[in-house]
Every structure is written in structure tokens, then in C-alpha cells.
Amino acid sequence: MEPHAPLATIDESFKENSVQMIKTELVGCLEGSMENLQQIWNEIGISEEQKEERTHVVLKHLQTLLQEMVEEERQLKTTLMENVKTCSADLQQLSNELGIEYPTFPEGISILKLENDLRTKVDEFKVEKHKRIKELKKLREQENVFCKRLCLPAHNFGQNFVVPNKEHIRELEANIEYLKNEMIKRLESFKKIKANVMELWKELEEVPKTTVETEMAMDSAETTFELSAINLEALKVLELELEHQKTININISKQLREEIQSLWTKLEISENEYKPFLAHWHGFKRSTINAMESEKQRLQALKLKHMQKFIEGLRKELTNWWDKCYFAPAQREAFSPINDTDYTEELLNMHEHQVEVMKSFYEQNKHLFKMVEKRETMFAKMAEYELKKNDVNRFSNRGGALLKECRARKVLEKELPKLERELKEDIEKWETDNEQQFLVNGVQYTDTMVQQWENMKLEKEQMKLERQKKHQDIMKEELLFGSKPVTPTKRRFIGTPSKTTPNKQRKMDTTSTPSRVTLASMCQSPCKTKSSGRPPIGSSTKKQGKVSRLVTKAKVTPKRVSARLKAKRQVLGESSVLNVSKKLNDSLGMVAGSKMTNDKNTSLMSCMDYNDFAVGLENIENEKNKCRSSLLVAENSMGSFV
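Here it is, written out as C-alpha cells:
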């Protein structure tokens, strides 16, 4: 936008005043300066010609200064015009990128004002551009998470753009919502397949073989497994294969049982000898099939027990060297003569040679195997200490066992990493020299060490979860049944009979504490009991003594029951039992077996007759059948009558 010339807007009066002011000031300043220069020149003794030349120099200098000032202002104007042009271009580009209409500016404004307004708009559009790009980046990150998990391509807008518009944002949000629903669907399918496959693996005693199977079997598979269509299809195929393998194992186990049974019969082996085998090995697991195959081979090899013993001895020695060198089953099976049953001299020579080879191999790498053995021992001790950390009984041990354990643990924590570093360095050197991996039980030992630490970490996490679950179970139990006292109480529960009657109780008045004889004579039972041949309750001297002790009991502070537990008990039916107990005990002056009446001299005969007492007991029995918790009924009954 080309601005109008500022000369049309300049106030003419202001211009004249400014020029006149400058002229006055400049003339006065110039006259004073020239007088000073003339005086200085006279004092110096400069000739008139030189004075004239110097005067021309002063004039030239003033002209040059004014020209430079004019040029600087003209350059400022040019710069502002260029800025206006640049900002206009930037603003036009940002408007096109953002899809926003180009802003308009009022006509007749100055160059400076126009340049400032343009820069302000450019800054606003840049902020909007940055905001949209940031939002696009955030949505793309969310989309990439789903696409990576589902192995699907990202959304293609069909055109290239630098700054997304609102339509692009809506398309991307819709695609993210679709990917989210698709992942939920595939995840549900994955969970079902995994559960079935894991169960089949357990039944067949199989382990993951491929990378996909290994990733699927991980505990974190639900959050890390790639839910691609190919992987899900592979898992479905695996599920079908395991189902087929299950059928095959069932048929094989059935056939082996028949063959073994036939061999037992032919060898005249009694049922008592092979019955434990059948009881232990049942089903169709791989271990069961292997055990039955081993039993079949054992039965077939009974005739060969008197063969050459030298080869068997060499095989035992060879197995010992294999154990010292930590050979895996696959490495041992590489020596095929170990399973040869044709006992010949050639077979004997092969075994002797193999023993010498293994002996030489062990001697050459003895220091490594010793370090591996030492490291395994120390790691096992570390695992034992980790397990003991959760044993609270160790805090009560005497003899400084806990202190010794802490010291040994600190030494172990210091020595074990040092040993592992040395072992890793020696293994790396050995692998470089021999150009092969150093294997322990068929696995590179550096990987084994890492895996052992990971397993220990997982076990600690599992123990932590188990403790949390146990704590939650205890909290649930306390919520339902109340907390149990952790220390024994010194008070006897209400109704606990004492071995001897206190002297104070013997000396009390019979009006408040009737004796056993008095109670028996006063409380003749007028009603019959439900079971025939059974004496009335009132005639039992044992129960009379219990009632006698009841009335003479001192005030007992009831056990505090929380409001939460009280509400739970009321829901379980305690309120109805307490109501019956309260009605029966109103005559005795007691409530819930813990509060005495104010009248301490009230006798049992003056409160109620035995008929009411018996009816109350029958009601308690009826309420006991209705209550869902026998424990609560027993507690309430004890609180009411004992």
C-alpha cells in the first residue's frame, strides 16, 4: 500500500515557525562561532587569505552536515517504505496460509503508522499460525500412537499445506476417533485370544517360540503388543494349531497308556507298583507324555541292565563335566553317541575322547566357570536377602542375627556388581579371542545376568501387590466383622465363669444375689421343654449359678463398637435380636448384658417369673435361625443373658 505524501498534511504555520526558529538560532550561533574563529585566527597570526579559505571550509562543513541529515531522513523514509512493502507481502502470505481475509487499513495515514499497523497484524497472524501448527502436531502425535499400535498409515489430507485450516483439524480429529474405536475392538479380540492361548500352553506345557508369541505372552502385552491385522491373524492361527495339538496329545497319551499297560502285564508287574505312576501321571501334558515314553523305554530296557558298565561310567563322568561347563541340553545332545545303545568298543573310544575334550575345555576356561559359580552363589544369597526383607520375625531374633544379616548384605551389594563387571570383561575378551559366544546353559551369560535382575525386580513387584491385596482383604474383613484386638485383654468376657466365688459375692444380700439353693427353690419352671426327658432349665444348678453370677455382676464397660460396624450389624439382623433381648431384660434391669438398673437391690424374683425367662430363651433360639450370622447372634445372646 502506497501512502500519500506527508507534505499535504503538514501544518504550514508550524513549518514557518520552525524555519524561523532554526534560522534565528542558527544565525546567532554562527555569528558567535565566527567571531570566536576570527579571534583565534588573529591570535594565531593567520593571513587573510588563509582566513578566507578557512571560512569557506566552515561553510562547506555546514552544508555537508545539513546534506547528511537530509540524506539520513530520506533513508529512514526509504526504510519505512521497504518495511511497509515487506510486511504487506508477509501479511498477504499469512492470510493465504491461514485462509483469513487480508485486513484493510484507513487511507491517508502516515508511513510510520502504516508500518506499525502492518507489523502488528503480521505478529498476530504468526501467533495464529503457530497455534494451528502446534495443534496439528499434537493431533499427529495422538494419531501416530494409534497408528503405531495398529500398524495403520496416518491420515492423508490429499494436499500439501504449511498451516492447517479448521477443516483439516476436523478431519484429523475424526480419524483419531476412528483409530481409537478400532484399537478398542482389536484389543478385546487380543485379550480373548491371549487368554485361550495361555491356557492351551499351560495344558500342553508349551512355551512361546516366535517373536510374536513372545511379545503376546508378556505381562505388558496389553499395552505394548502391536495390534496389526497380520499379528492378530497369526495369533488366531496359533490358537487353532494349539487346539489341534491338544487333540493329538490326547490320542498319543491314550495310546501310550495302552502300550505301557500291555508291557506291565507281560512283565508281570503288580498293580501296587504301577498304580502310583498312573495316579501321578494323568492327562495329556507334555511332561505326562514324556514320562509315559520314559516308562515305556524303561520297561523295554529291563533286559539290558547287565550290559557294559564302562560306557555307563564314562557317561556319568561326561555328564559331570557337562555340568561343570554349564552345557545346555542342546549342546549335550550334539554328542549323539551318548544315546547309542549298541555297546561296542568303538562307542567306548568315542566316549573316552569326548571326556578328554570336555576336561581340556574346562581346564582352559576354569577361571570363567569359577567366576560364574561364585556369581550364581552370591546372586542366590542376594535373592534370599530380598525374600527375608518381608519377614517381620527376623526383627525378634536374638544374638545379633539381624545385624549380621545387614552387614553381610552390604558386603554383598558391594562385591556382586564388582564381580559382574569383571566377569563381563573376561567374557567379552574370551568371545573376541574365540570368535563365539560364551554360553551358560545354552544362553549368553551376559543376557542371563540381566534377565535374573529383571526377574528379581518382577518378583519384588509381585510380592508388593500380594501384600497390598492381603491388606485390602483384611480391611474388608474388618469392615464386615470388626477389627480384632492385637493384644490380649485383661478383662474376662461377660459370662465367663470363675473357678472360685469371691468373698464379696458370698456376703451380699440374698435379695440382690440369690444363692443356688434359693434360686432353685424360688424359680420352679412351670413350662415344659421341647425335648422330652430333659429337666427344666430352672432345675439345673449349673444354669442357676450362671444366673446368680449375672445379677451380682458389677457394671462392666461395654466393648466400644464403631458406628460403621454397628450399621453393618444392624443390616445383618442384630437389631431384631437386641429388641428381644431388651424386652426380656427390662425386668432384670439390664440392656445388652452390660448396663445395670439404678435399683441395685432388685431381686430376680421381684423382676420376673421363670415362665417369662423361658419364653425369652425360646425367642432367642427363633431369632438365631433368622439371623444370617451365627456369630452375631451368639454375641448378642451373651450380651443379653450371660
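For the sequence shown, the UniProt record's numbering assigns the number 1 to the initial residue and increments by one for each residue that follows. Even for Gly, the Cβ is constructed at its ideal location relative to N, Cα and C. Note that this is a predicted model, so its numbers are computed, not measured.
Exposed or buried, what is proline 164 when buried is set at 16 or more other beta-carbons lying within 10 Å of its beta-carbon?
Answer is buried; the Cβ neighbour count reaches 16.
Which value, in whole angstroms, describes the spacing of the CA atoms of alanine 234 and aspartate 219?
Cα-Cα distance, rounded: 19 Å.
Cβ shell of methionine 358 (< 6 Å), same chain only, five flanking positions each side left out
Trp321, listed in sequence order.
For threonine 79 and glutamate 226, what's the separation of their Cα atoms in angstroms?
Distance between the alpha carbons of threonine 79 and glutamate 226: 59 Å.
Which runs of the alpha helix (DSSP H) at least 4 residues long sit entirely within the stretch 333-363? Give them in chain order.
Along the length of the stretch 333-363, whole alpha helix (DSSP H) runs at least 4 residues long do not occur.
Could you tell me which of Gln364, Ile311, Thr319, Pro329 sits nearest to aspartate 340, measuring between CA atoms?
Ranking Gln364, Ile311, Thr319, Pro329 by Cα distance to aspartate 340 puts Ile311 first.
When the Cα of proline 417 is compared with those of Ile133, Arg407, Glu376, Lys51, which residue comes out closest?
Here the closest residue by C-alpha is Glu376.
When Met378, Cys406, Leu368 are compared against tryptophan 453, the one with the closest alpha-carbon:
It is Met378.
Since asparagine 181 and histidine 155 are thought to touch, with beta carbons under 8 Å apart, how far apart are those beta carbons, to the nearest angstrom?
The C-beta separation of asparagine 181 from histidine 155 comes to about 15 Å, leaving the pair out of contact by the 8 Å criterion.
8 Å contact criterion, which lysine 191 and glutamate 222 should meet: CB distance rounded:
So it is a contact: roughly 7 Å between Cβ atoms.
Measuring straight from C-alpha to C-alpha, what distance separates aspartate 90 and asparagine 231?
When rounded, the distance between both Cα atoms is 50 Å.
Select from Val127, Cys325, Ala217 the residue whose C-alpha is nearest the C-alpha of lysine 202.
Considering only Val127, Cys325, Ala217, the residue with the shortest C-alpha distance to lysine 202 is Ala217.
Between which residues of its own chain and methionine 198 is the CB-CB distance below 8 Å, once the five residues before and five after are set aside?
Here the set comprises Ala217.
Is tyrosine 326 near valine 450, with beta carbons less than 8 Å apart?
No, they are not a contact pair.
Please work out which residues of its chain come closer than 7 Å, Cβ to Cβ, to glutamate 425, disregarding the five sequence neighbours upstream and downstream, and give them in chain order.
Cβ neighbours of glutamate 425 within its own chain (closer than 7 Å, five residues either side excluded): none.
Determine the direct distance from the alpha carbon of isoleucine 289 to that of lysine 460, and round the result to whole angstroms.
Looking at the two C-alpha atoms, the distance is approximately 35 Å.
Could you give the C-beta distance for lysine 131 and leucine 94, rounded to a whole number, given that I count them as a contact under 8 Å?
Going by Cβ atoms, the distance from lysine 131 to leucine 94 rounds to 13 Å, so no, they are not a contact pair.
How is valine 440 classed by DSSP in three states: helix, strand or coil?
In the structure shown, valine 440 falls within a strand segment according to DSSP collapsed to helix, strand and coil.
Does the stretch 113-126 come close enough to the stretch 94-104 to have 3 or more Cβ pairs within less than 8 Å?
A contact exists between the stretch 113-126 and the stretch 94-104.
Would leucine 314 pass as a contact of histidine 351 if the rule is Cβ separation under 8 Å?
Going by C-beta atoms, leucine 314 is nearer than 8 Å to histidine 351.
Less than 8 Å between C-beta atoms, sequence neighbours within five positions excluded: which residues of the same chain meet that for lysine 374?
So the list reads Leu419, once near-sequence residues are dropped.
Range covered by the alpha helix (DSSP H) that runs through leucine 66:
For leucine 66, the enclosing alpha helix (DSSP H) covers residues 48-98.
I need the DSSP call for alanine 330, collapsed to helix, strand or coil.
Judged by DSSP in its simplified three-state form, alanine 330 adopts helix.
My assumption, with CB atoms under 8 Å, is that phenylalanine 277 sits in contact with glutamate 295. Please give the rounded CB distance.
Confirmed, Cβ separation roughly 6 Å.
For glutamate 68 and histidine 56, the rounded distance between their alpha carbons
Approximately 18 Å between the Cα atoms of the pair.
Counted within 10 angstroms of its Cβ, other Cβ atoms place phenylalanine 157 as buried (16 or more) or exposed
Under a 10 Å Cβ-count criterion, phenylalanine 157 is classified as exposed, with fewer than 16 other Cβ atoms of the shown protein chains found around its own Cβ.
So, for residue 687: in the same chain, excluding its five sequence neighbours on each side, which residues have a beta-carbon less than 8 Å away from its beta-carbon?
Outside the modelled stretch of the chain, which goes from 1 to 642, sits residue 687, for which no answer is possible.
To the nearest angstrom, report how far apart lysine 129 and asparagine 83 are at their CA atoms.
Taking the straight line joining both Cα atoms gives about 21 Å.
DSSP on threonine 104, reduced to helix/strand/coil?
Secondary structure at threonine 104: coil, using DSSP grouped into helix, strand and coil.
Taking its Cβ as the centre, do 16 or more other Cβ atoms sit within 10 Å of phenylalanine 438, making it buried, or is it exposed?
Its Cβ being crowded by 16 or more others within 10 Å, phenylalanine 438 is buried.
Close beta carbons around residue 653, own chain, < 7 Å, minus the five adjacent residues each side:
As shown, the chain starts at 1 and ends at 642. That puts residue 653 outside it, with no answer to give.
Residues of its chain near arginine 54, where Cβ-Cβ distance is below 8 Å and the 5 sequence neighbours each way are ignored
In its chain, beyond the 5 residues on either side, Leu37, Trp41, Ile46 have a beta carbon closer than 8 Å to the beta carbon of arginine 54.
Within this structure, are the beta carbons of glutamate 213 and leucine 238 separated by less than 8 Å?
In this structure, leucine 238 lies closer than 8 Å to glutamate 213 by Cβ.
For the candidate residues Leu26, Gln50, Glu293, whose alpha-carbon lies nearest to that of glutamine 63?
When each option's Cα is compared against that of glutamine 63, the closest is Leu26.
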